[in-house]
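There are 2 protein chains.
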Amino acid sequence: MNLTTDVLAGKRLSLARLLTHIENGTPEGRAALDELFPHTGRAHLIGITGAPGTGKSSLVNQLARFYRQPVNGSAPRKVAVVAVDPSSPFTGGAVLGDRIRMRDLAGDPGVFIRSMASRGALGGIAIATAGVVQAFDAAGYEVILIETVGAGQAEVDIARLAHTTLVVEAPGLGDDIQAIKAGILEIADILVVNKADRPGVENTERALKNMLQLAHPTRRVFHHHGQVMTVKAPPAPQADGKLWIPPVLRTVATEGEGIASLTEQIARHGAFLRETGDWNRRERVRLQNELDTLLQAALVARWRATLPNGRYGEILERLVARELSPRQAVEALLAASSSRNP
Amino acid sequence: MNLTTDVLAGKRLSLARLLTHIENGTPEGRAALDELFPHTGRAHLIGITGAPGTGKSSLVNQLARFYRQPVNGSAPRKVAVVAVDPSSPFTGGAVLGDRIRMRDLAGDPGVFIRSMASRGALGGIAIATAGVVQAFDAAGYEVILIETVGAGQAEVDIARLAHTTLVVEAPGLGDDIQAIKAGILEIADILVVNKADRPGVENTERALKNMLQLAHPTRRVFHHHGQVMTVKAPPAPQADGKLWIPPVLRTVATEGEGIASLTEQIARHGAFLRETGDWNRRERVRLQNELDTLLQAALVARWRATLPNGRYGEILERLVARELSPRQAVEALLAASSSRNP
C-alpha cells in the first residue's frame, strides 16, 4: 500500500513507480523521498563521464556485470544504473540507445537501469537525479553507476553527486577533444582510456598523464566537491597528509578487458575516501548543493506569488522595447513585489 | 573618459576593458550595460555548437574570414567571436587553443575575439555571455559568432542566445555520438557536416537527414527559443504558413570548402526570420530568459540578507545528520526567514 514501505521492502515495481514520481516532481514523490531520506547514505556512488564516442555505455554495462558476480564467496551487490542525458531537454529519447545496449542486464533482478532526460527546468535534471539516486540508495542498491552523456557544465554538476568519478577517454577523437579535457580532468578520480585496442592509445595515455601533471602538481581529491569558486586556492594540509593521485587505466569495454583492475581502483578510492574523511566531506558538499538548488526554486515560486497580476508582463514589454535593460527590469520587478511586504 | 561613450565610438581597448568588467560582474560593467542596452538589437547572432572533434573552431575561423571580405562592393562587416567553454569551470584555460588557432585573424581591427570560461556560478556563464554579446552588438559588430565547446545543457542555453544556430558534426566520431544528436538536433537551424573529406561522410549526412525527418516532420523554427516545457506541443499554424527546413551542408573548414554556401544559408535564415516575425519572437524569448536568470540570482541574494545569522549552518547540519530531508531543510529555511517579515 505505502510506497515507502514497499520500496524499503525491495519491491521493484514500487521502486519504478517512485522513480517516475520523482522525475515528474509530484507531491507523492517528494513525500516518499522525505520518508526514505534517513535510510540513505550506504551506497557507493560512481559517476562516469566523458565525451561522446568514448564508449561510456559499454563500460557502465561491464561494470554492472562485474559487480553482479559473487566475489570471494560474498553475495553479489545490487547495482543501479542511472543514465542521464542533460543535452536532451526536448525528446527524452536520447538515452534509448543505452537502454537497448543494456538489455542483457535487464533480466537480472539485482540490476535496475533508469534512463533520464532533462525536463528543461533550471537545475531540474540535477535535482531529479539526486532524488533518483536517493531512492536507489534507500532501496538497498549498494553500487550506483551514474552515467552522463556529453561533457558540459551539467555533467560536472551531476558528477558532483558521486563519491568516485571516472572520466573516460578514447584514442583518436580529434584535436579539440584536448580542449574539453582541461575542465573535465579536474573532476576525475580515475581516468579510463577505453577502446585501448585502437591505434594511438599510448598518445592518449601520455597526454592525459601530462595534463594531470600540469594541472595539479599537488592536487587534493575532494577539490571538485568543494565550492567551485575556491577551487584554485592551494589545498589545506590534511592531518595524515594523504593524497590521491588519479590513476590512468586502459580498458576495452566491449571485450571486458581491464574491468577487474578498474573495479579494484574504484574500491581503493572508496577506502581512501573513508580513511581520510573525504567521504563525509563529499557527502556534505553534495547535500549543500542540493539544498541550494531546491532553495533557489522555492524562493522564485514564493516570490512569484507576491507579484501583482500582469506586472511581470508589463515589465517584460518594456525590456523588449529596450526601455529597460535586463538589470533595470529585475530592479523594477523586485520593487513591484517588495512594495507589498516592505 | 566614459567607458560607454568610448565603446560606442568604437575604441577597441575600452571594449576589451568593458568585457572584462562584464565577465567579472562588476558594478562598472553593469552600469555600462544599462547605458549600452538601447543601442543593441542590430547584430546577427550566430551560434555554433556540436560535439568535440568536429572542427567547430576552424569553421568559426573561416566564417569570420569570409565576413571580412568585401562582397559586391559593400564594406566588410565587423565580426566578433565569442568562444564559450562551459565545461571548464576551473581553469579557464580550455579555450586557449581556439585563441591560438585564430591568431591569423587577430591583426584585423574589424575582428574581435573573446574567449570565456565558466566562473562556476549557476547560470553565470549564460548571463556573462549575454552581456558580452550585448556589448559587441552596441559597439557595432554586425556578425557575432558564439562558439560553444561541448554539447550539454549549458550549450543549449547559450545556443538560445543566437538567431541562427549551426550544429556541427563530423564523420566517424563513434557510435554514441548518435545519442547526443537527438537533443542537439532540435536546436539546429543549419546542420553542418564538417571534415567532409573524411570517409563516412555519406553515412553521417544520411543519418542526420533521417533523424531530422523522424524528429520533426512538421517542425517550426522558433521552437527552441520558446519555453522548453512546451516544446512538444504541436506548432500553432502561422499566418503565412512558412516553414524552415534545416539544410544539411558539407564543409571542409581547414580548406575553406563549403564556407560560401554556408554563409548563404545563414543569410537566407536571417531573411526568413525577419519575414516571418520569428526574429522578434526569438529576441523576446531570449530577453525573457535573461530576465528570469538575473531575477533568480537577485531573489536569492535578497533572501539571504533576511536570514538570521548562523541559521543556514544549523539547518545544513541537521540535513547532513539526516534529521531533515533536503526538502524539509528548504522549508525550515524559508520559515526561518519569513518569520522576520510575515
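Those sequence lines, one after another, are chains A and B.
Residue -13 is where the first sequence starts when you use the numbering used here, and the numbers rise one by one after that.
Residue -13 is where the second sequence starts when you use the numbering used here, and the numbers rise one by one after that.
The C-beta atom is built at its ideal place from N, Cα and C for all residues, glycine as well.
Here the structure is a predicted model, which is why all the values come from computation and not from measurement.
Inside the stretch -2 to 27 of chain A only - alpha helix (DSSP H) runs reaching at least 4 residues: Counting whole runs of 4 or more residues, the stretch -2 to 27 of chain A contains the alpha helix (DSSP H) stretches -2 to 10 and 13 to 22.
Any C-beta of chain B under 8 Å from that of leucine 280(A): Here the question's residue 280(A) lines up with position 294 in the first sequence. Nearest CB-CB separation between leucine 280(A) and chain B: below the 8 Å threshold.
Buried versus exposed call for glutamine 55(A) [16 or more other C-beta atoms within 10 Å across all chains shown]: Taking the first sequence and counting its residues from 1, one reaches residue 55(A) at position 69. Exposure of glutamine 55(A) is indicated by the presence of fewer than 16 other C-beta atoms within 10 angstroms of its C-beta.
Glutamate 191(B) versus Glu172(B), Val234(B) and Asp175(B), residue with shortest Cα-Cα distance: Stepping through the second sequence from its first residue, residue 191(B) is reached at position 205. Of the candidates Glu172(B), Val234(B) and Asp175(B), the one whose C-alpha sits nearest the C-alpha of glutamate 191(B) is Val234(B).
Threonine 240(A), DSSP secondary structure in three states: The residue you call residue 240(A) lines up with position 254 of the first sequence. Assignment of threonine 240(A) by DSSP, reduced to helix, strand and coil, places it in the helix class.
Whether alanine 287(A) touches glutamine 48(A) by CB criterion (8 Å): For the purposes of this step, residue 287(A) is identified with residue 301 of the first sequence, where counting begins at 1. For the purposes of this step, residue 48(A) is identified with residue 62 of the first sequence, where counting begins at 1. Contact annotation: alanine 287(A) and glutamine 48(A) have beta-carbon atoms that are not nearer than 8 Å.
Environment of glutamine 199(A) [buried if 16+ CB atoms lie within 10 Å]: By 1-based counting over the first sequence, the position of residue 199(A) is 213. Within a 10 Å sphere around the beta-carbon of glutamine 199(A) sit fewer than 16 other beta-carbons, which makes this residue exposed.
For leucine 45(B) and serine 0(B), the rounded distance between their alpha carbons: Residue 0(B) sits at position 14 when you count from the first residue of the second sequence. Residue 45(B) sits at position 59 when you count from the first residue of the second sequence. In a straight line, the C-alpha of serine 0(B) is about 28 Å away from that of leucine 45(B).
Members of the stretch 258 to 279 of chain A that neighbour chain B once the beta carbon cut-off is set at 9 Å: Answer in chain order: Asn266, Glu269, Arg270, Leu273, Gln274, Glu276, Leu277, Asp278 and Thr279.
Residues of the stretch 304 to 322 of chain B whose Cβ lies closer than 7 Å to any Cβ of chain A, in chain order: Along the stretch 304 to 322 of chain B, the positions whose C-beta sits under 7 Å from a C-beta of chain A are Leu305, Val306, Arg308, Ser311, Pro312, Arg313, Gln314, Ala315, Val316, Leu319 and Leu320, read in chain order.
Buried or exposed (CB count within 10 angstroms, at least 16 for buried), proline 185(A): Counting from 1 along the first sequence, the entry for residue 185(A) is found at position 199. Looking at its Cβ environment, which holds fewer than 16 other Cβ atoms inside 10 Å, proline 185(A) is exposed.
Classification of asparagine 275(B) by the beta-carbon crowding that lies within 10 angstroms, buried from 16 upward: Locating residue 275(B) in the second sequence gives position 289, where the first residue counts as 1. Taking every protein chain shown into account, the CB of asparagine 275(B) has 16 or more other CB atoms within 10 angstroms, so this residue is buried.
8 Å Cβ cutoff met for aspartate 175(B) and glycine 27(B): If you number the second sequence from 1, residue 175(B) lands on position 189. If you number the second sequence from 1, residue 27(B) lands on position 41. Between aspartate 175(B) and glycine 27(B), the C-beta gap is not smaller than 8 Å, which leaves the two residues out of contact.
Limits of the unbroken alpha helix (DSSP H) element including serine 247(A): Counted from its first residue, the first sequence places residue 247(A) at position 261. Counting along the chain, the alpha helix (DSSP H) containing serine 247(A) begins and ends at 245 to 262.
Burial state of isoleucine 34(A) (16 or more Cβ within 10 Å): If you number the first sequence from 1, residue 34(A) lands on position 48. A residue is called buried once 16 or more other Cβ atoms fall within 10 Å of its Cβ, and isoleucine 34(A) is buried on that count.
CB of isoleucine 245(A) within 8 Å of CB of isoleucine 132(A), strictly: Within the first sequence, numbered from 1, the residue matching residue 245(A) stands at position 259. Within the first sequence, numbered from 1, the residue matching residue 132(A) stands at position 146. Not a contact, by the Cβ cut-off of 8 Å.
Helix, strand or coil at glycine 117(A) according to DSSP, with G and I counted as helix: Reading the first sequence from its first residue, position 131 is the one you call residue 117(A). Helix, per DSSP.
Residue interval of the beta strand (DSSP E) (run including valine 46(A)): Here residue 46(A) is taken as the residue at index 60 of the first sequence, counted from 1. Unbroken run through valine 46(A) is the alpha helix (DSSP H), 42 to 53; no beta strand (DSSP E).
Proximity test, Cβ basis, 8 Å: aspartate 123(A) and chain B: If you number the first sequence from 1, residue 123(A) lands on position 137. No - not a single Cβ of chain B is within 8 Å of the one on aspartate 123(A).
Nearest-angstrom beta carbon gap, leucine 320(A) and alanine 283(B) [assumed within contact, 8 Å]: Along the second sequence, read from residue 1 onward, the residue named residue 283(B) stands at position 297. Along the first sequence, read from residue 1 onward, the residue named residue 320(A) stands at position 334. About 11 Å separates the Cβ atoms of alanine 283(B) and leucine 320(A), ruling out a contact at the 8 Å cut-off.
DSSP three-state assignment for alanine 315(A), whether helix, strand or coil: As a working mapping, residue 315(A) is identified with position 329 in the first sequence. When DSSP states are grouped into helix, strand and coil, alanine 315(A) belongs to the helix group.
Residue burial classification, lysine 42(B) (beta-carbon count within 10 angstroms, cutoff 16): As a working mapping, residue 42(B) is identified with position 56 in the second sequence. Its Cβ being crowded by 16 or more others within 10 Å, lysine 42(B) is buried.
C-alpha gap between isoleucine 173(B) and alanine 148(B), whole angstroms: Start at 1 with the first residue of the second sequence, and residue 173(B) comes out as number 187. Start at 1 with the first residue of the second sequence, and residue 148(B) comes out as number 162. About 10 Å.
Spatial distance of histidine 209(B) from valine 306(A) (CA atoms): The residue given as residue 209(B) occupies position 223 in the second sequence. The residue given as residue 306(A) occupies position 320 in the first sequence. Because histidine 209(B) carries a pLDDT of 34, less than 50, the predicted location of this residue cannot be relied on, and the following value inherits that uncertainty. A direct Cα-Cα distance of roughly 19 Å separates histidine 209(B) from valine 306(A).
Rounded straight-line distance, which links the Cα of valine 119(B) to that of leucine 111(B): The residue given as residue 111(B) occupies position 125 in the second sequence. The residue given as residue 119(B) occupies position 133 in the second sequence. In the sequence under discussion, the amino acid at residue 111(B) is isoleucine, which differs from the leucine named in the question. In a straight line, the C-alpha of isoleucine 111(B) is about 12 Å away from that of valine 119(B).
Close Cβ partners of glutamine 251(B) (< 8 Å) along its chain, the five nearest in sequence each way excluded: Position 265 of the second sequence, counted from the start, is the residue given in the question as residue 251(B). For glutamine 251(B), the CB contacts under 8 Å within the same chain, skipping 5 residues up- and downstream, are Ile176, Pro233 and Leu235 in chain order.
Own chain, CB closer than 6 Å to glycine 296(B), minus 5 neighbours either side, in chain order: For the purposes of this step, residue 296(B) is taken as the residue at position 310 of the second sequence. No residues qualify anywhere along the chain.
Proximal residues, the stretch 28 to 53 of chain A versus chain B, C-beta separation under 8 Å: Cβ contacts with chain B: Ala37, Pro38, Gly39, Thr40, Gly41, Lys42 and Ser43.
Which residues DSSP lists as bridging serine 396(A), in chain order: The requested residue 396(A) does not occur in the structure, where chain A is confined to residues -13 to 328.
C-beta atoms of alanine 125(B) and valine -7(B) nearer than 8 Å: Taking the first residue of the second sequence as 1, we reach residue 125(B) at position 139. Taking the first residue of the second sequence as 1, we reach residue -7(B) at position 7. Between alanine 125(B) and valine -7(B), the C-beta spacing is below 8 Å.
Buried or exposed by the 16-neighbour rule on C-beta atoms within 10 Å, applied to glutamine 213(A): Indexing the first sequence from 1 puts residue 213(A) at position 227. Summary for glutamine 213(A): the model assigns pLDDT 31, below 50, so the residue's position carries little reliability; its value from the coordinates is reported in the next sentence. With fewer than 16 other Cβ atoms from the protein chains shown falling within 10 Å of its own Cβ, glutamine 213(A) counts as exposed.
Where alanine 284(B) meets chain A, residues with beta-carbon distance less than 7 Å: Your numbering for residue 284(B) matches position 298 in the second sequence. Neighbours of alanine 284(B) on chain A, chain order: Val316 and Leu320.
Option in Pro38(B), Arg313(B), Gly242(B) and Thr12(B) with minimal Cα separation from glutamate 21(A): Taking the first sequence and counting its residues from 1, the one referred to as residue 21(A) is at position 35. Answer by Cα proximity: Arg313(B).
Close Cβ partners of threonine 150(A) (< 8 Å) along its chain, the five nearest in sequence each way excluded: Locating residue 150(A) in the first sequence gives position 164, where the first residue counts as 1. His30, Leu31, Ile32, Gly33, Asp175, Ile176, Ile252, His255, Gly256 and Leu259.
Contact list for leucine 19(A) against chain C, beta-carbon separation under 9 Å: No chain C is present in this structure, whose protein chains are A and B.
Classification of proline 13(B) by the beta-carbon crowding that lies within 10 angstroms, buried from 16 upward: What you label residue 13(B) is simply residue 27 of the second sequence in a count that begins at 1. The residue is exposed, with fewer than 16 neighbouring Cβ atoms inside 10 Å.
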